[in-house]
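Asks: The structure that follows is given in the form of structure tokens.
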Amino acid sequence: MEPKAQAASDPRDWTDDAVAARIRQLKNRLGRDVLILAHHYQRDAVVAVADAVGDSLKLAQAAAATSARHIVFCGVHFMAETADILTGPDQAVYLPEQRAGCSMADMATPEALEWAWESLTRAEAGPVIPITYVNSAASLKAFVGRHGGAVCTSSNARNILIWALSQEAKVFFFPDEHLGRITAHDLGVPLPDMLVWDRGLPLGGLDPEAVRAARVYLWNGFCVVHQMFFPEDAAAWRQKEPGIRVIVHPECPIEVIREADAYGSTEMIARTIDAAPAGSKWAVGTEINLVARLADRNPDKLVVSLSPHQAICANMYRTRPLSVLRVLEGVAAGEPPPVVRVPVSVAGEARLALDRMLTLS
Ligand code: 13P
Ligand code: SF4
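According to this note's numbering, the residues represented by the sequence shown are -11 to 349, in order.
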């Protein structure tokens, strides 16, 4: 039987189950006006109250497709911004924990990017197409839209780079060095043709001649969580569990991905393991909340983290069921919390880059 919400007491004292029960009551009352989206890295208790769970692309598509007036985005700030850009002016997007950012997204600012772009022009690098990983601020997406580029996610980076590399231009990929490198390399770009752009140095710390000769520039941004996986982790698991398969997220360094059997977005990882035969074994190189959930819902398989350490995204972990409940209580009372709203001038250009992505996905 479902626990009853303890309406009279302070919700901060409630169990997650009681908070979830109250969330369900409010969802029943608000009906189709509300859609709760949750990224795969959210904790179980948040995933349990979500209407849809997915990777960045799936959640962006869900936001673009819904007519719900209130979208509660259990994820991080760039995801809520993307949802706002893809929804209409009469729809509101809420980030239940407003301090839930992404340290990788913070590694590229519009100022640093403008500086890099100007220095590329001064170095006569030739035509350049900017591609931003979706893990970036809306202002960067707007920059990309303005300069004829596109957004990508971990699930469509290949398609987007095929499109960009088929043009007579170089590619500037930001902010994730690792996703850019593995994707371009798997499309045949040799490693020496890709230069790491040091965001803190004039001309990225590069020689002008090398800049003119290169094919791809990789902004030196990274995800702290995915730097916790090492090539030797794969070797250790293979020794301990013969037959184990290693699957990792493309935010891992290329040396780790090269040791893996497969790589892909969080949705690809989840689908692969869910569809795998009973008895199969998996060492997974991505955030621990997803890995633990995959282990729980696949008791007939061995699913472990590739890392012996706790690879947790502290920003994703900020959101609790109580954070979601507070948003719904506000909406139900006609006093909704602050929305994530991208200024119209930024949203218009960012939308160009997102629409290019959605068309190419
Ligand atoms: P996915 O789009 O694969 O879910 O990745 C998002 C992310 O932030 C991974 O760190
Ligand atoms: Fe950002 Fe890394 Fe967290 Fe993904 S896991 S949201 S890239 S900090």
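Cβ coordinates follow ideal geometry from the N, Cα and C atoms, glycine included.
Assign M(-11) to one of three DSSP states: helix, strand, or coil.
Replies: Position 1 of the sequence shown, counted from the first residue, corresponds to residue -11. Legend: pLDDT at M(-11) = 47, less than 50; position of this residue unreliable, no value from coordinates given.
Asks: Would you report the Cα separation of H214 and V334, rounded to the nearest angstrom?
Replies: In the sequence shown, residue 214 corresponds to position 226, counting from 1. In the sequence shown, residue 334 corresponds to position 346, counting from 1. Near 30 Å, if we compare the C-alpha coordinates of V334 and H214.
Asks: Pull every residue with its beta-carbon under 7 Å away from any heavy atom of the ligand SF4, and keep them in chain order.
Replies: Going along the chain, the residues that qualify are Y29, V64, C90, S91, M92, A93, N123, C211, V212, V213, H214, E239, E275, C301, N303 and M304.
Asks: Tell me where the alpha helix (DSSP H) around A341 begins and ends.
Replies: As a position in the sequence shown, residue 341 is number 353, starting the count at 1. Start and end: V332 to L348.
Asks: Is D43 near the ligand 13P, judged by its Cβ being under 7 Å from some heavy atom?
Replies: In the sequence shown, residue 43 corresponds to position 55, counting from 1. Yes.
Asks: Judging by CA-CA distance, which residue of R246, I59 and K46 is the nearest neighbour of F217?
Replies: Residue 217 sits at position 229 when you count from the first residue of the sequence shown. The shortest C-alpha separation from F217 is found at R246.
Asks: Distance, Cα to Cα, G336 vs E69?
Replies: The residue given as residue 336 occupies position 348 in the sequence shown. The residue given as residue 69 occupies position 81 in the sequence shown. Distance between the alpha carbons of G336 and E69: 13 Å.
Asks: Return helix, strand or coil for A6, following the three-state DSSP convention.
Replies: Along the sequence shown, one-based indexing puts residue 6 at 18. In this structure, A6 counts as helix in the three-state DSSP scheme.
Asks: Is L25 closer than 8 Å to A51 when the C-beta atoms are compared?
Replies: For this step, residue 51 is matched to residue 63 along the sequence shown. For this step, residue 25 is matched to residue 37 along the sequence shown. Going by C-beta atoms, A51 is nearer than 8 Å to L25.
Asks: What three-state label does DSSP hand V212 in the structure shown?
Replies: Translated into positions along the sequence shown, residue 212 becomes position 224. In the structure shown, V212 sits in coil (DSSP, three-state: anything other than H, G, I, E or B).
Asks: D249 and I261: beta carbons closer than 8 Å?
Replies: Along the sequence shown, read from residue 1 onward, the residue named residue 249 stands at position 261. Along the sequence shown, read from residue 1 onward, the residue named residue 261 stands at position 273. No, the Cβ-Cβ distance between D249 and I261 is not below 8 Å.
Asks: Could you spell out where the alpha helix (DSSP H) holding I170 opens and where it closes?
Replies: Looking up residue 170 in the sequence shown gives position 182. Run containing I170: E165 to D174, per the alpha helix (DSSP H) assignment.
Asks: For my contact list, G133 and I117 are in at a C-beta cut-off of 8 Å; report their separation, rounded to the angstrom.
Replies: Here residue 133 refers to the residue found at position 145 of the sequence shown. Here residue 117 refers to the residue found at position 129 of the sequence shown. Contact doesn't hold; Cβ gap of about 12 Å is too wide.
Asks: Any heavy atom of the ligand 13P closer than 7 Å to the Cβ of H237?
Replies: For the purposes of this step, residue 237 is taken as residue 249 along the sequence shown, with counting starting at 1. The answer is yes for H237.
Asks: Using CA atoms only, rank isn't needed, just tell me which of V212, L313 and G318 is closest to A350.
Replies: A query on residue 350 cannot be resolved here, the shown segment of the chain reaching from -11 to 349 and no further.
Asks: Which residue comes first and which comes last in the alpha helix (DSSP H) that contains M182?
Replies: Taking the first residue of the sequence shown as position 1, residue 182 is located at position 194. Per DSSP, M182 belongs to no alpha helix (DSSP H); it is in the beta strand (DSSP E), M182 to W185.
Asks: With DSSP as the reference, label L47 as helix, strand or coil.
Replies: Looking up residue 47 in the sequence shown gives position 59. L47 falls in the helix class under three-state DSSP.
Asks: Can you give me the C-alpha to C-alpha distance between L316 and I11, rounded to a whole angstrom?
Replies: Locating residue 316 in the sequence shown gives position 328, counting from the first residue. Locating residue 11 in the sequence shown gives position 23, counting from the first residue. Near 7 Å, if we compare the C-alpha coordinates of I11 and L316.
Asks: Measuring CA to CA, which of I276, E243, A338 and V319 is closest to R31?
Replies: As a working note, residue 31 is residue 43 in the sequence shown. Minimum Cα distance to R31 is reached at I276.
Asks: Which word fits M345, buried or exposed, when buried means at least 16 other C-beta atoms lie within 10 angstroms of its C-beta?
Replies: Counted from its first residue, the sequence shown places residue 345 at position 357. Its Cβ being crowded by 16 or more others within 10 Å, M345 is buried.
Asks: So A113 packs on L149, CB below 8 Å; how close in whole Å?
Replies: As a first step, residue 113 is located in the sequence shown; it is residue number 125 there, counting from the start. As a first step, residue 149 is located in the sequence shown; it is residue number 161 there, counting from the start. Actually they do not touch by this definition, with Cβ atoms about 18 Å apart.
Asks: Please determine if the stretch 195 to 210 and the stretch 89 to 97 are in contact, where contact requires at least 3 C-beta pairs separated by less than 8 Å.
Replies: With the cut-off at 8 Å, the stretch 195 to 210 and the stretch 89 to 97 touch.
Asks: Since A40 sits in a beta bridge, which residues does DSSP pair it with?
Replies: For the purposes of this step, residue 40 is taken as the residue at position 52 of the sequence shown. Answer is L25, bridged to A40.
Asks: Could you tell me which uninterrupted alpha helix (DSSP H) segments, each at least 4 residues in length, are contained entirely in the stretch 265 to 307, listed from first to last along the chain?
Replies: Counting whole runs of 4 or more residues, the stretch 265 to 307 contains the alpha helix (DSSP H) stretches 276 to 285.
Asks: Whose CA, out of W270, R226, S107 and I170, lies closest to the CA of L189?
Replies: In the sequence shown, the residue the question calls residue 189 occupies position 201. The candidate whose alpha carbon is nearest that of L189 is S107.
Asks: Between S349 and the rest of its own chain, which residues show a CB-CB distance below 6 Å, the 5 nearest in sequence each way excluded?
Replies: Against the sequence shown, residue 349 aligns to sequence position 361. N144.
Asks: How big is the Cα-Cα spacing for I257 and R110?
Replies: The residue given as residue 257 occupies position 269 in the sequence shown. The residue given as residue 110 occupies position 122 in the sequence shown. Looking at the two C-alpha atoms, the distance is approximately 42 Å.
Asks: Note down the Cα distance separating V177 from Y82, rounded to an integer number of angstroms.
Replies: Reading the sequence shown from its first residue, position 189 is the one you call residue 177. Reading the sequence shown from its first residue, position 94 is the one you call residue 82. Cα to Cα, V177 sits roughly 40 Å from Y82.
Asks: Around the Cβ of G322, are there at least 16 other Cβ atoms within 10 angstroms (buried) or fewer (exposed)?
Replies: Here residue 322 refers to the residue found at position 334 of the sequence shown. By the neighbour-count rule (16 or more Cβ atoms within 10 Å), G322 is not buried but exposed.
Asks: Do P115 and L310 have their CB atoms nearer than 8 Å?
Replies: As a first step, residue 115 must be located in the sequence shown, where it is residue number 127. As a first step, residue 310 must be located in the sequence shown, where it is residue number 322. No. Outside cutoff.
Asks: Would G19 pass as a contact of A104 if the rule is Cβ separation under 8 Å?
Replies: Residue mapping note: residue 19 aligns to position 31 of the sequence shown, counting from 1. Residue mapping note: residue 104 aligns to position 116 of the sequence shown, counting from 1. No, the Cβ-Cβ distance between G19 and A104 is not below 8 Å.
Asks: Helix, strand or coil: which one does DSSP assign to P324?
Replies: As a position in the sequence shown, residue 324 is number 336, starting the count at 1. In the structure shown, P324 sits in coil (DSSP, three-state: anything other than H, G, I, E or B).
Asks: Provide the residue span of the alpha helix (DSSP H) that contains T54, from first to last.
Replies: Within the sequence shown, residue 54 is the residue found at index 66, counting from 1. Run containing T54: none; DSSP gives neither H nor E here.
Asks: Kindly indicate which residue of D195, V244, A48 and P287 has the alpha-carbon position closest to the one of T347.
Replies: The residue given as residue 347 occupies position 359 in the sequence shown. That would be A48, whose Cα lies nearest to the Cα of T347.
Asks: Which residues in the same chain have their Cβ closer than 7 Å to the Cβ of A36, if we skip the five residues on either side of it in sequence?
Replies: For the purposes of this step, residue 36 is taken as residue 48 along the sequence shown, with counting starting at 1. Cβ within range, chain order: A8.
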